[in-house]
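Numbering (UniProt numbering), first residue to last: 1 to 111.
Positions of the beta carbon are idealized from the N, C-alpha and C atoms, including for glycine.
Heads up: the structure comes next, in structure tokens.
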């Protein structure tokens, strides 16, 4: 998580130039994703999970990140559980009222 944060928070101004900035990002990314240890599928999962969290509504993203899920199944289960918790109960059927305006003989329906 520390290397992930360092990678995401790195600023161009922290480097002496473009090559140094690129090399620093390469090193931070390698420390985060550990390509010598993780498979391609594991690296893809990390990247997709990160992107998935960023597209969630902010309150759901914050809640999920608190649990630090380690894989996609855990992330999906947390999001689904939270969505069930936040579901609004079914609304009562709408009542229709009809009013007649006698002088012009128009009928108005309000929903």
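About 6 Å separates the CB atoms of residue 78 and residue 69; that is less than 8 Å, so the two are in contact.
Taking C-alpha positions only, residue 61 is separated from residue 54 by approximately 7 Å. Counting along the chain, the unbroken alpha helix (DSSP H) around residue 24 starts and ends at 18 to 33. Take residue 15, set aside five residues on each side of it, and the residues of its chain with a beta-carbon closer than 6 Å to its own are 21 and 24, in chain order. A residue is called buried when at least 16 other Cβ atoms come within 10 angstroms of its Cβ; residue 32 meets this threshold and is buried. Excluding residues up to 5 positions away in sequence, 53 lie with their Cβ nearer than 8 Å to the Cβ of residue 65 in the same chain. Residue 2 sits exposed, since fewer than 16 C-beta atoms from the chains shown fall within 10 Å of its C-beta.
Each residue's CA atom was taken as its position, placing residue 39 and residue 86 some 36 Å apart.
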